[in-house]
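The UniProt record's numbering applies: residue 1 is where the sequence shown begins, and numbers increase by one. Note that beta-carbon positions come from the ideal geometry of N, C-alpha and C, so glycine has one too. Computed from a predicted model, the values in this text were never measured in an experiment. As structure tokens, the structure follows; a few thoughts come after it.
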Amino acid sequence: MPSFDTVCEADFVEVKNAVDNASKEIGTRFDFKGTSAAVELKDKEITMYGDAEFQLQQVEDLLRNKLTKRNVDVRFLDIQKAQKIGGDKVKQVIKVKNGIESDLAKQLQKLMKESKLKVQAAIQEDKVRITGAKRDDLQAAMALIRKDLADHPLSFNNFRD
């Protein structure tokens with residue numbers, strides 16, 4: 001039976017490369033000389049450091065540009081609130097989304113049921129597998145997901161015929 005998986009996964013190799021490029025540029029840019037501006041990646045979290053929130057905003061813009069150049073969707077970024085870390089220094093954590101959250105998975109499943117397409121959606125850990133009798137139904141389901149859930153960085157893989 002034809003099927004495909006709906007996933008929400010960032011390419012972490014490209015994320016790491018973008019963070020490394022941003023870190024190099026911060027080290028060479030004149031407006032960041034002598035400041036505590038920095039960006040680093042640990043696990044699935046990007047941490048930005050700066051002297052003020054304005055500087056954090058500049059680092060975030062730089063990071064977004066690097067991610068965009070490497071074809072990483074910025075909708076994967078879950079930006080947390082800036083925190084003071086002593087003195088006049090601030091830091092901000094950005095979590096990189098990986099996997100479909102349960103609310104979104106349920107919403108996706110409900111969308112498939114209400115669509116009247118002859119497909120079934122099954123939640124499997126951090127992805128949703130959609131199966132159907134015909135390939136055309138699956139392609140219609142993909143188009144519906146892209147249209148109705150456009151604000152989420154969903155992609156499709158593991159298409160089986």
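If you draw a straight line from the C-alpha of residue i to the C-alpha of residue j, how long is it?
i          : j           : result
residue 42 : residue 63  : 15 Å
residue 81 : residue 71  : 25 Å
residue 39 : residue 104 : 30 Å
Within this structure, are the beta carbons of residue i and residue j separated by less than 8 Å?
i          : j          : result
residue 95 : residue 25 : no
residue 18 : residue 91 : no
DSSP state of residue i, grouped into three classes?
i           : result
residue 100 : coil
residue 87  : coil
residue 72  : coil
residue 142 : helix
residue 124 : strand
residue 61  : helix
Here's the rule: buried if 16 or more other CB atoms are within 10 angstroms of the residue's CB, otherwise exposed. What is residue i?
i          : result
residue 60 : buried
residue 69 : exposed
residue 86 : exposed
residue 37 : buried
residue 1  : exposed
- Task: Indicate whether the contact test is met: 3 or more Cβ pairs, each with one atom in the segment 96-113 and one in the segment 3-22, closer than 8 Å.
- Result: yes
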